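> Residue numbers (UniProt numbering), protein chains in the order written: chain A, 1 to 467; chain B, 1 to 467; chain C, 1 to 467; chain D, 1 to 467. The structure follows.
Number of protein chains: 4
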Amino acid sequence: MAQENRGVKIVTIGGGSSYTPELMEGFIKRFEEMPIREIWLVDIEEGREKLEIVGAMARRMWEASGYPTQVHTTLDRRAALPDADFVTTQFRVGLLYARIKDERIPLSWGMLGQETNGAGGIFKAFRTIPVIGEIIDDMRELCPEAWLVNFTNPSGMVTEAAIKQFGWRRTIGLCNVPVNAMLMEPKIVGYPEGAEDLTFRFAGLNHFHWHRVFDRRGADITARVIERLNDPDNGMPVNIADIPFPLDLIRAIGMLPCAYHRYYYLHAEMLAHALEEFARGESRAEQVKKTEEELFELYRDPALDHKPEQLARRGGAHYSDAACECVNAIWNDKHEHMVVSCENRGALSDLASDSIVEVSALISSKGAEPIAWGEMPAQERGWLQMMKAMEECVIDAAITGDYGRALEAFCLNPLIENGAAAQHVLDELLIAHERYLPRFAAKIVELKSAGVQVRDETAARLVAQGH
Amino acid sequence: MAQENRGVKIVTIGGGSSYTPELMEGFIKRFEEMPIREIWLVDIEEGREKLEIVGAMARRMWEASGYPTQVHTTLDRRAALPDADFVTTQFRVGLLYARIKDERIPLSWGMLGQETNGAGGIFKAFRTIPVIGEIIDDMRELCPEAWLVNFTNPSGMVTEAAIKQFGWRRTIGLCNVPVNAMLMEPKIVGYPEGAEDLTFRFAGLNHFHWHRVFDRRGADITARVIERLNDPDNGMPVNIADIPFPLDLIRAIGMLPCAYHRYYYLHAEMLAHALEEFARGESRAEQVKKTEEELFELYRDPALDHKPEQLARRGGAHYSDAACECVNAIWNDKHEHMVVSCENRGALSDLASDSIVEVSALISSKGAEPIAWGEMPAQERGWLQMMKAMEECVIDAAITGDYGRALEAFCLNPLIENGAAAQHVLDELLIAHERYLPRFAAKIVELKSAGVQVRDETAARLVAQGH
Amino acid sequence: MAQENRGVKIVTIGGGSSYTPELMEGFIKRFEEMPIREIWLVDIEEGREKLEIVGAMARRMWEASGYPTQVHTTLDRRAALPDADFVTTQFRVGLLYARIKDERIPLSWGMLGQETNGAGGIFKAFRTIPVIGEIIDDMRELCPEAWLVNFTNPSGMVTEAAIKQFGWRRTIGLCNVPVNAMLMEPKIVGYPEGAEDLTFRFAGLNHFHWHRVFDRRGADITARVIERLNDPDNGMPVNIADIPFPLDLIRAIGMLPCAYHRYYYLHAEMLAHALEEFARGESRAEQVKKTEEELFELYRDPALDHKPEQLARRGGAHYSDAACECVNAIWNDKHEHMVVSCENRGALSDLASDSIVEVSALISSKGAEPIAWGEMPAQERGWLQMMKAMEECVIDAAITGDYGRALEAFCLNPLIENGAAAQHVLDELLIAHERYLPRFAAKIVELKSAGVQVRDETAARLVAQGH
Amino acid sequence: MAQENRGVKIVTIGGGSSYTPELMEGFIKRFEEMPIREIWLVDIEEGREKLEIVGAMARRMWEASGYPTQVHTTLDRRAALPDADFVTTQFRVGLLYARIKDERIPLSWGMLGQETNGAGGIFKAFRTIPVIGEIIDDMRELCPEAWLVNFTNPSGMVTEAAIKQFGWRRTIGLCNVPVNAMLMEPKIVGYPEGAEDLTFRFAGLNHFHWHRVFDRRGADITARVIERLNDPDNGMPVNIADIPFPLDLIRAIGMLPCAYHRYYYLHAEMLAHALEEFARGESRAEQVKKTEEELFELYRDPALDHKPEQLARRGGAHYSDAACECVNAIWNDKHEHMVVSCENRGALSDLASDSIVEVSALISSKGAEPIAWGEMPAQERGWLQMMKAMEECVIDAAITGDYGRALEAFCLNPLIENGAAAQHVLDELLIAHERYLPRFAAKIVELKSAGVQVRDETAARLVAQGH
């Protein structure tokens with residue numbers, strides 16, 4: 001898409017996010033390569049205040065940069081979209097309140113909520129996927145050539161829905177987990193220069209992938225990295241409890257897990273840790289909410305015109321930078337290696353060709369082209385096929401509002417313990433998120449008249465407050 | 001294989017089993033169709049006493065029948081095998097003592113042992129598969145035309161090893177779970193005549209399959225049967241705690257689960273129930289041991305010449321009868337519908353063509369020909385692919401003695417909670433079964449010198465006693 | 001579907017066919033098992049005279065049988081369909097005139113026409129598939145529970161279109177080729193009693209399948225039958241030139257080919273033979289037309305009340321009998337082995353699960369359930385995958401009228417020699433069949449204005465006569 | 001593999017080839033990036049004279065370059081191999097005499113010989129594959145870390161045998177056909193700068209692939225290139241008759257064919273052209289032989305120290321340069337896009353994951369990593385699956401010497417017309433190449449005693465002369 005002289009137009013849905021300053025920094029850093037004409041930050045009425053704060057902050061950052069890029073803020077998505085080149089999505093339906101409910105309700109029944117892979121992640125998908133469908137409807141009309149760069153979680157399922165269900169093939173899903181691994185792992189095995197000295201190959205699903213590492217001579221040094229996997233500063237996201245990986249298992253696997261594999265390989269310990277935090281009165285969501293409020297406090301400062309240090313401490317560090325680099329690689333046809341969620345096309349031959357996978361890919365003006373990986377060993381094949389099936393049930397339920405399909409998704413999800421409690425969790429989450437789940441409306445009415453209530457007090461209070 | 005006039009020769013490995021009288025009854029019942037010349041009951045030194053009791057009982061049964069079939073008992077497998085037409089396997093390496101350890105050790109760490117699908121089942125596979133390999137080595141030499149009819153659990157994995165790893169394609173794996181369902185379900189939906197009025201189609205893996213039911217007009221009446229699934233007398237094996245299935249989930253699935261699905265769909269409740277029994281001082285294995293002792297008490301009675309009622313109360317009712325019918329269908333080329341473990345050949349198109357699956361098949365002199373089923377819906381596809389991958393890890397570990405592969409099998413198994421405790425369970429089971437796991441010898445030595453010990457007192461005592 | 005007391009209603013589209021007496025004979029023969037209440041013979045205006053002759057003949061046959069079945073004839077399909085239990089299709093769009101063009105035009109360019117597998121067969125599909133779509137539209141409205149038993153050629157492609165494209169899953173495609181093989185092969189290897197002594201397993205596509213033969217002891221006797229493959233009276237259809245199969249090749253394949261494989265394995269000889277016939281002034285279609293006229297001469301005889309001997313001499317002997325047996329097996333839930341075109345469901349694991357294949361299947365009130373076959377050896381896999389791809393191009397072109405897709409179908413078809421002449425054949429056939437190819441209308445206009453003309457005089461004359 | 005200071009060691013099997021000067025030129029051109037320490041040119045006794053001429057020429061070229069690289073010539077492969085970094089293969093078993101027989105014998109029966117895809121190509125595979133197996137045996141012992149860069153035809157089948165059958169995963173197969181397309185196509189659509197402005201993506205099999213072309217903005221400009229496909233200077237190899245592609249078909253396909261597709265899409269015309277040349281007394285092989293003799297005349301000139309212009313006129317231009325670039329990309333871990341034969345790994349999801357395919361790949365120190373392509377449309381899928389099956393039959397026959405498998409390969413090959421003549425061609429070729437086909441020895445003896453003789457006089461004379 002390069003060689004344009006009119007400059008790039010970016011629209012960011014969920015523009016009032018606390019991540020926006022990182023996004024601005026990323027675009028400023030790349031301006032010489034990719035001159036951005038205008039950026040539209042879009043948000044909804046509930047996010048108006050945050051949007052204004054972040055919008056002002058973004059304008060200060062661009063002014064400080066000296067580049068002529070214009071920053072617009074709006075609550076009207078359709079006003080922003082016309083002729084956009086890239087639409088990035090980083091919104092959170094129901095704000096952090098929703099995440100609090102996603103996490104607390106399962107925990108109140110003794111299960112991990114886990115906002116991307118567990119019951120919480122399933123509900124985040126339920127709330128988000130229909131909205132992505134609406135955004136794509138608008139894009140089809142207003143900017144039919146635009147790329148959708150999604151970094152709304154659960155990124156893999158949202159991307160699968162965008163491409164397979166809503167038919168927007170120009171979608172790429174992003175995640176910062178691989179970025180962090182590629183930044184940190186070279187250091188822990190003694191390549192201080194960083195990723196330039198090593199080649200990484202990732203394959204799997206979003207928040208559920210493995211990777212191998214090679215040196216410049218082609219030698220597979222994965223085993224060496226595995227031995228240092230539990231070192232401090234190993235690139236694991238700050239939002240995941242730092243319980244050491246079981247090395248005997250990882251050695252048997254022979255590939256590097258992603259941080260989220262802890263939830264699966266160490267389910268007992270991760271659950272115990274989450275329940276302990278919960279007992280202390282705080283879910284992860286509530287910690288994040290506090291951090292976010294501090295960030296907005298900073299952003300209000302009219303003297304602040306660069307990304308503050310504190311932002312890096314949130315779980316999503318490098319997320320926005322990955323998005324900027326992805327936009328850049330498309331715009332400038334860079335054929336650059338990135339790890340993204342995109343159509344499989346056979347790259348992982350154990351999954352269907354039209355499934356969305358998270359793999360090493362070349363990013364260019366043609367979008368993402370996965371590098372073929374081939375077959376997985378039996379164990380990883382089994383995990384992946386089950387997780388993909390679970391994702392399919394989630395997406396189907398999100399679109400149809402089918403309660404039975406939702407139950408099936410819960411049943412397959414390895415972070416949810418099957419039994420009567422699982423169904424209670426499902427039912428309470430449906431009620432708790434009623435406002436954001438119009439497709440499940442009939443079932444929710446039925447559950448409510450059957451007397452289902454949210455048991456966790458904090459969550460129940462949020463619902464009562466209209467969140 | 002019909003039209004022979006010399007009569008059939010059957011060899012039963014594990015002939016001292018308490019199931020043998022049912023097997024004898026089954027063969028007697030079918031003698032006019034399939035005249036058996038001789039039956040060899042084979043066992044090992046540890047089973048000598050039981051073999052003698054059961055052998056005498058078997059001879060009395062045949063005498064009472066008036067048929068001229070000869071029953072031989074021997075501790076020398078190679079003396080029994082020459083020119084056998086059928087070899088049936090129903091042995092238990094390590095006797096019921098092994099099952100006690102299989103169940104108690106996981107329970108002592110708060111997990112289901114489950115002797116066919118859980119950690120216990122994995123270890124049963126570890127002990128059994130190498131022995132099946134040795135039996136096949138003997139068969140290759142002594143009765144190269146014989147069929148191996150396996151009903152040693154875990155029947156699916158043992159059959160897969162026999163066919164794929166040891167190359168004995170004339171193997172069929174049996175299980176009584178489908179038999180029971182086909183016997184009882186017609187009754188609960190009002191077809192008192194039984195299975196003749198209905199057609200059943202099963203697909204899945206051993207102890208992990210679903211089925212559909214059709215009436216003679218081709219109408220799918222599965223939904224009707226689902227509604228009665230939790231009725232009393234529904235054909236569920238007596239060895240599985242009778243906790244009601246979650247009907248909302250089963251309706252969403254739209255197929256009938258097998259009894260063992262309770263462990264997966266109701267994991268929390270089944271675990272709680274098992275832990276309760278364990279707290280009361282008794283695992284399922286110990287109950288079975290008691291039942292078995294009572295049975296042998298009966299078998300000792302020189303007046304008893306028919307299968308006693310009490311045998312039906314064990315979990316395995318109809319197991320042996322299924323084996324007799326399978327032998328009959330092969331011998332008489334009956335092209336009869338049975339549900340067996342056999343090579344997939346595409347019947348379940350979500351699994352590899354050479355995987356062993358448990359499906360509706362035609363049994364004839366050519367062996368088992370599965371009836372094509374096609375693709376599964378997403379949820380069942382995910383479960384099946386994961387379970388098959390788990391089985392592959394188990395079989396591989398059983399044959400190679402690879403500890404890492406065993407860890408992977410544990411990690412994939414949904415009845416084992418991942419984390420440090422899972423590895424403790426693995427390590428203790430290895431030590432507890434040292435005598436029957438020569439392929440893991442090196443690792444066991446290592447674990448012992450690292451101080452690993454069996455924590456459960458009953459299990460530890462059995463080990464100390466040389467079991 | 002059994003246990004009805006109202007009797008069966010059959011509708012036969014193309015009821016004026018010369019095969020109808022065989023169909024009547026088949027139903028009469030099975031009346032005690034399957035009491036037919038009424039038979040509707042449906043045809044179109046052009047076939048009115050033949051319909052009347054055959055209808056009268058059919059009535060005489062039923063009268064002679066003594067059964068109370070009523071035979072109706074009509075030119076109004078929608079009057080016939082309401083509440084039908086079975087709709088059988090045996091029509092020929094464009095009558096035998098169309099077949100003459102299908103065969104002569106390719107031959108005039110030095111290629112095999114071959115009315116089912118070659119260029120002729122492609123055009124038969126182009127003419128037939130849209131009509132099948134219209135019939136199904138009517139069935140959906142008027143007899144939504146009816147089974148469609150198709151024996152209109154090319155039977156495999158028509159069945160695939162009916163099931164995959166038009167969504168009528170209650171469709172079964174029939175062919176007499178397997179029936180003939182199963183009738184004759186037992187005799188040529190010395191089982192005079194016939195098929196009862198042997199078991200047959202077929203797999204492949206319509207007019208492109210292989211089979212294996214087993215005796216009652218399960219021994220594979222295929223190699224023995226291969227050695228007698230070129231014996232006289234080997235069950236090969238009379239409409240295929242009887243050139244001996246190349247035994248070295250068939251031995252290497254290790255399976256029995258179908259008669260139509262001659263066109264592929266002996267392309268040079270079959271082409272030479274057809275060109276010779278063509279040079280003598282007669283295509284196969286013209287011979288058939290003569291036979292058919294003779295048959296109708298017989299049918300006119302008001303004294304004739306049974307199927308005349310001469311009908312057997314047409315290529316399609318046993319076609320209609322197979323249809324009757326299929327109807328019977330569905331009605332009476334017989335679970336009978338037949339070789340039919342039906343959904344693959346993984347039975348041939350080298351082809352997609354939703355492809356239509358021609359395989360050994362069990363026919364019951366649930367329809368056709370294929371017996372799983374598994375993987376083919378490399379050679380047959382290659383042939384099958386190519387032929388299925390060709391069929392997909394044909395069906396797609398038939399439905400869309402896409403000229404490029406038609407070219408692709410021609411390009412893949414192994415009986416058409418690629419090059420400029422192939423495109424001439426395509427273009428001339430389009431023009432010659434203009435009347436029956438409304439979906440290709442725009443392209444045909446274009447070809448005509450570009451001056452394309454039918455070169456073969458006989459074919460051109462038929463077109464000029466309005467055929 | 002970079003960062004070595006000892007320099008690279010190259011061994012070239014078939015070093016006496018007329019292509020060697022191009023190879024030398026390619027290495028000289030890249031010396032600064034990839035310093036080569038020593039090059040070993042290996043040949044066999046029959047090629048001694050050519051080896052000496054070419055070896056001397058190579059030494060003059062390196063001297064003229066000023067680089068210190070040493071050139072060795074030897075007839076002892078095992079003396080050359082120790083510690084090689086790269087082994088390149090460009091040999092021709094039986095020299096050009098073999099190609100003459102490969103082409104003339106089929107033509108004498110009215111069929112294309114076609115030295116890579118037709119009957120000739122099958123026999124080239126039969127002669128070459130066992131020798132590749134021997135080379136790999138030596139490499140396993142003497143240079144276990146070396147890469148095998150094969151450009152011996154049929155390159156795809158030789159590569160598949162090397163990787164799948166002989167287990168040498170460090171093999172990459174090369175071909176100049178994609179190189180030529182990428183060089184010429186930018187010019188014909190107006191990108192004079194060449195390939196830098198465009199991105200190419202290839203997928204298929206060696207000499208049987210398609211490609212798409214994209215501009216730097218990501219737009220697919222394939223359709224534009226298709227319209228210019230028959231322009232002069234379109235990059236088609238000089239060794240293929242320049243008959244215009246059928247544009248209607250190519251437009252329907254929507255991808256660019258490779259030059260060899262002419263043999264399939266224009267079979268009639270290509271055959272007619274070859275038969276015409278043959279009638280004029282000359283096969284393509286004989287023309288090449290003349291060109292080669294002229295080249296060696298030039299190489300003898302002690303003043304010549306650079307690649308002569310005339311070499312480019314052979315069919316294989318750019319072949320050796322591609323090999324040099326491949327070696328360079330591995331050595332310097334370049335992750336460079338090249339089109340090579342390598343393991344599929346799912347890249348073409350219609351073929352098995354372990355099949356060898358010719359696709360766009362990244363070449364680095366890890367070898368070739370294919371870029372995932374996904375599924376092919378029906379037509380190309382059908383062709384590819386058939387061609388791959390044919391290749392598998394060829395490779396199997398080459399290794400086992402199984403005559404039936406060879407017949408099956410002939411039967412599937414679309415350039416061979418099936419029938420009695422095809423078997424005659426097979427039989428004559430077996431006899432004609434007796435010396436180079438030890439694995440078929442028994443069958444050849446049988447054919448000879450049955451009186452089979454080579455009918456073509458020129459070919460018969462070569463056999464009589466001991467070629």
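Virtual Cβ for every residue (Gly too), placed ideally from N, Cα, C. Computed from a predicted structure; not experimentally measured.
Does the stretch 448-455 of chain B touch the stretch 131-148 of chain B, meaning 3 or more C-beta pairs lie closer than 8 Å?
Judged by Cβ distances under 8 Å, the stretch 131-148 of chain B makes no contact with the stretch 448-455 of chain B, as fewer than three pairs qualify.
> Whose Cβ in chain C lies nearer than 7 Å to the Cβ of ASN418(D)?
Looking up residue 418(D) in the fourth sequence gives position 418. Within chain C, the residues near ASN418(D) are TYR264, TYR265, LEU266, HIS267 and ALA268.
> Would you say ARG216(A) reaches chain D, if we count a Cβ-Cβ gap shorter than 9 Å as a contact?
As a first step, residue 216(A) is located in the first sequence; it is residue number 216 there, counting from the start. By this cut-off, ARG216(A) is an interface position.
> Look at the alpha carbon of ALA259(D) and the alpha carbon of ARG212(D), and state the distance between them as a whole number of angstroms.
Sequence index remark: in the fourth sequence, residue 259(D) carries index 259 (1-based). Sequence index remark: in the fourth sequence, residue 212(D) carries index 212 (1-based). Cα to Cα, the separation comes out at about 14 Å.
> What residue range does the alpha helix (DSSP H) around GLY408(C) cover?
Position 408 of the third sequence, counted from the first residue, corresponds to residue 408(C). At residue 408(C) the sequence reads Glu, which differs from the Gly that was named. Residues 403-412.
> Note down, in chain order, every chain B residue with its Cβ under 9 Å from the Cβ of ASP248(A).
Residue numbering aside, residue 248(A) sits at position 248 when the first sequence is read from its first letter. Ordered by position in chain B, the residues that pass the 9 Å Cβ test against ASP248(A) are TYR403, GLY404, LEU407 and GLN423.
> Below 8 Å, how does it come out for the stretch 32-47 of chain B and the stretch 56-75 of chain B: are there three or more Cβ pairs, yes or no?
Touching, per the Cβ criterion.
> What ranges does the beta strand (DSSP E) occupy inside the stretch 138-168 of chain B, keeping only unbroken runs of at least 3 residues that lie completely in it?
Fully enclosed beta strand (DSSP E) runs of 3 or longer: 147-150.
> Out of MET270(D), PHE214(D), GLY218(D) and HIS318(D), state which residue places its alpha-carbon closest to the alpha-carbon of MET111(D).
Taking the fourth sequence and counting its residues from 1, the one referred to as residue 111(D) is at position 111. Closest option to MET111(D), Cα to Cα, is MET270(D).
> SER360(C) to LYS366(C), Cα distance in whole Å?
By one-based count along the third sequence, residue 360(C) stands at place 360. By one-based count along the third sequence, residue 366(C) stands at place 366. Taking the straight line joining both Cα atoms gives about 15 Å.
> Output the boundary residues of the beta strand (DSSP E) element that contains ARG99(B).
Taking the second sequence and counting its residues from 1, one reaches residue 99(B) at position 99. Here ARG99(B) belongs to no beta strand (DSSP E); instead the alpha helix (DSSP H) covers 95-108.
> Over what stretch of residues does the beta strand (DSSP E) that includes PRO370(B) continue unbroken?
Taking the second sequence and counting its residues from 1, one reaches residue 370(B) at position 370. That run of the beta strand (DSSP E) goes 367-370.
> With burial defined as no fewer than 16 other Cβ atoms inside 10 Å of the residue's Cβ, what is the status of ALA368(C): buried or exposed?
If you number the third sequence from 1, residue 368(C) lands on position 368. Classification of ALA368(C): buried, given that the 10 Å Cβ count is 16 or more.
> Who are the neighbours of LYS29(B) on chain C, taking C-beta pairs under 9 Å?
Along the second sequence, read from residue 1 onward, the residue named residue 29(B) stands at position 29. Those within 9 Å of LYS29(B) in chain C number zero; the least Cβ separation is about 23 Å.
> From ALA459(D) to ASN150(D), what distance separates their C-alpha atoms?
Counting from 1 along the fourth sequence, the entry for residue 459(D) is found at position 459. Counting from 1 along the fourth sequence, the entry for residue 150(D) is found at position 150. C-alpha separation (whole angstroms): 28 Å.
> Among ALA303(B), LEU249(B), GLU227(B) and TRP210(B), which residue has its Cα nearest to the Cα of PRO257(B)?
Looking up residue 257(B) in the second sequence gives position 257. Comparing Cα-Cα distances from PRO257(B) to each of ALA303(B), LEU249(B), GLU227(B) and TRP210(B), the minimum goes to TRP210(B).
> Nearest chain D C-beta to residue 473(C) closer than 9 Å, yes or no?
Past the boundaries of the shown model lies residue 473(C); chain C is included only from 1 to 467, so the question cannot be answered.
> State whether the stretch 376-395 of chain A contacts the stretch 417-434 of chain A, with contact taken as three or more CB pairs (one from each stretch) at a distance under 8 Å.
Contact fails: fewer than three Cβ-Cβ distances are below 8 Å.
> What is the residue span of the alpha helix (DSSP H) that GLN287(A) lies within?
Here residue 287(A) refers to the residue found at position 287 of the first sequence. Looking at the DSSP string, the run of the alpha helix (DSSP H) that includes GLN287(A) is 284-299.
> Using a Cβ-Cβ distance cut-off of 9 Å, determine whether GLY382(C) contacts chain D.
The residue labelled residue 382(C) in the question sits at position 382 within the third sequence. Yes, its Cβ sits closer than 9 Å to a Cβ of chain D.
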